[in-house]
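Enquirer: One structure is given below, represented as structure tokens, and several questions about it will come after.
Protein chains in written order, with this note's numbering: chain A, 11 to 219; chain B, 185 to 391.
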């Protein structure tokens, strides 16, 4: 049967190819080897063990060196090292870096304290006596010496304290509680924060002269 | 034109003594057992049967011509060394070819391999100049030789074992350690590539 890997014509062409053949010297050498091998006794390899196709030509049985068994410490050396490195890094950098700091959320209705911009004097490191004198003597020198130390952005306008509607409820509550001065103080702040916010006229009359 | 199967068994080398008829009818495995028992004529008969095929296989498979004799001699030397423990669990021929193949692989690992069979390709066996050999035939042989050399190693190995060493698919599978279906695929691809090369060059002979 001719299968798909047989091509009679090509097979015939392949068969006509001149082929290499062992030389007479090689034949003689191999036959001489056989005679020599028969003349010398050979160590019999146990039949049960068998002979591998790539056994050594000299018949010597060579085995790979026994694999060294790894002890406990060797096996766990890398994982333990990694764990120690992580622990050390955590302790050095601190938990805040990894997001352990608890988030602070503003409470609705509770006025947040406006962020107080640190004053120049607070931010500047304690100046040595000579530097302090220079600061007192020359304003330009003072600016040059303090500017790099502070390096703060321009102060932002204070954000509104409360939501306008909530603030008005608070002001109304102060009026009803008889705390008119406090209400008026809050009203002034409210107006500064929300100059265009529509306010009920009755409430506005109570607060404005 | 002679077919590949007719090449087998190869004619005895001039250096080999003609064997008695009893040895010629003995199986390879039995001859090897006899040789293990110290019978030199049995070895001579084994060598007469397989020396040509093994040499062809190694010569086509080896990237360097200089390695061929060494590999072949080493393979037979391994046979000498292993003769006492030989067990006929597998066919003798596939076992012998495996020894040579493993020796070749060892050499390829130890020494720097060549990307192509440059040396073997350059050393096309000398063709006797007979009146029947036309210029076209020589040209086709050269083309075929080059096409075989360019085949991937696995395909070339399967092709050489089938065409030049007259091995069956199952025997090739044993020697190369591949599944028979894989061997068939390799043979199919190898033949297709050779056919394509010959057709492209106009030397294929097909209408």
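Note that beta-carbon positions come from the ideal geometry of N, C-alpha and C, so glycine has one too.
Within 8 Å, do at least three Cβ pairs link the segment 227–242 of chain B to the segment 200–208 of chain A?
Expert: The segment 200–208 of chain A is not in contact with the segment 227–242 of chain B.
Enquirer: The segment 234–263 of chain B: which residues have C-beta closer than 7 Å to a C-beta of chain E, in chain order?
Expert: Among the protein chains in the structure shown, which are A and B, there is no chain E.
Enquirer: Quick one: grab the DSSP three-state call for residue 290 of chain B.
Expert: Residue 290 of chain B: helix per DSSP, three-state reduction.
Enquirer: According to DSSP, is residue 180 of chain A helix, strand or coil?
Expert: Note: residue 180 of chain A maps to helix in three-state DSSP.
Enquirer: Listing by chain order, which chain B residues have their CB less than 7 Å from the CB of residue 40 of chain A?
Expert: Those within 7 Å of residue 40 of chain A in chain B are 231, 257 and 260.
Enquirer: Just to confirm, is the Cβ distance from residue 37 of chain A to residue 264 of chain B under 9 Å?
Expert: Not closer than 9 Å, so no.
Enquirer: Leaving out five residues before and five after residue 267 of chain B in sequence, what residues of the same chain have Cβ atoms less than 6 Å from its Cβ?
Expert: Closer than 6 Å at Cβ, skipping near neighbours: 219 and 220.
Enquirer: Can you tell me whether DSSP reads residue 204 of chain A as helix, strand or coil?
Expert: Here residue 204 of chain A sits in coil by DSSP.
Enquirer: Assuming the contact rule is C-beta atoms closer than 8 Å, residue 274 of chain B and residue 358 of chain B should be a hit. Round their C-beta distance to whole Å, please.
Expert: Going by Cβ atoms, the distance from residue 274 of chain B to residue 358 of chain B rounds to 7 Å, so yes, they are a contact pair.
Enquirer: Does any residue of chain B have a CB that is nearer than 9 Å to the CB of residue 21 of chain A?
Expert: It does; some Cβ of chain B falls within 9 Å.
Enquirer: The alpha helix (DSSP H) with residue 209 of chain A in it runs from where to where?
Expert: Premise fails: residue 209 of chain A is in no alpha helix (DSSP H) and is neither H nor E.
Enquirer: Alpha carbons only, please: which of B:214, B:339, B:251 and B:249 is nearest the one belonging to residue 372 of chain B?
Expert: Comparing Cα-Cα distances from residue 372 of chain B to each of B:214, B:339, B:251 and B:249, the minimum goes to B:339.
Enquirer: Going by alpha carbons, who is nearest to residue 332 of chain B out of B:228, B:244, B:232 and B:384?
Expert: Nearest of B:228, B:244, B:232 and B:384 to residue 332 of chain B, Cα basis: B:244.
Enquirer: Could you list the residues in the segment 344–378 of chain B with a C-beta less than 7 Å from some C-beta on chain A, going in chain order?
Expert: Those would be 347, 348, 368, 371, 372, 375 and 378, in chain order.
Enquirer: Comparing the C-beta of residue 227 of chain B with each C-beta of chain A, is any distance below 9 Å?
Expert: Yes - at least one Cβ of chain A is within 9 Å of the one on residue 227 of chain B.
Enquirer: Measuring straight from C-alpha to C-alpha, what distance separates residue 23 of chain A and residue 282 of chain B?
Expert: Each residue's Cα considered, the two are about 27 Å apart.
Enquirer: For residue 265 of chain B, would you say it is in contact with chain A, using Cβ-to-Cβ distances shorter than 9 Å as the test?
Expert: Chain A, which has a Cβ nearer than 9 Å to the Cβ of residue 265 of chain B, makes this yes.
Enquirer: Mind the definition here: the segment 360–374 of chain B touches the segment 336–352 of chain B only if three or more C-beta pairs lie below 8 Å; say whether that holds.
Expert: Judged by Cβ distances under 8 Å, the segment 360–374 of chain B makes contact with the segment 336–352 of chain B, as three or more pairs qualify.
Enquirer: Please confirm whether residue 44 of chain A has its beta-carbon closer than 9 Å to some beta-carbon of chain B.
Expert: It does: the Cβ of residue 44 of chain A has a partner Cβ on chain B nearer than 9 Å.
Enquirer: Would you say residue 334 of chain B faces chain A, with C-beta separation under 9 Å as the test?
Expert: Judged by the 9 Å Cβ criterion, residue 334 of chain B is not in contact with chain A.
Enquirer: When you compare the CB of residue 210 of chain B with every CB in chain A, is at least one pair closer than 9 Å?
Expert: Not one chain A Cβ lies under 9 Å of residue 210 of chain B.
Enquirer: Give a yes or no on whether the minimum CB-CB distance between residue 321 of chain B and chain A is below 9 Å.
Expert: It does: the Cβ of residue 321 of chain B has a partner Cβ on chain A nearer than 9 Å.
Enquirer: Taking DSSP as the reference, what is the three-state secondary structure of residue 17 of chain A?
Expert: Residue state, collapsed to three classes: coil.
Enquirer: Can you look up residue 84 of chain A in the DSSP assignment and give me helix, strand or coil?
Expert: Correct three-state label for residue 84 of chain A: helix.
Enquirer: I'd like to know if residue 324 of chain B contacts chain A, where contact means its C-beta is closer than 9 Å to some C-beta of that chain.
Expert: Taking Cβ atoms only, chain A reaches closer than 9 Å to residue 324 of chain B, which makes this a yes.
Enquirer: By Cβ distance below 6 Å, which residues in the same chain neighbour residue 202 of chain A in space, the five residues on each side in sequence not counted?
Expert: Excluding residues within five positions, none has a Cβ falling inside 6 Å.
Enquirer: What separation, rounded to the nearest whole angstrom, lies between the Cα atoms of residue 39 of chain A and residue 32 of chain A?
Expert: The straight-line gap from Cα to Cα measures roughly 11 Å.
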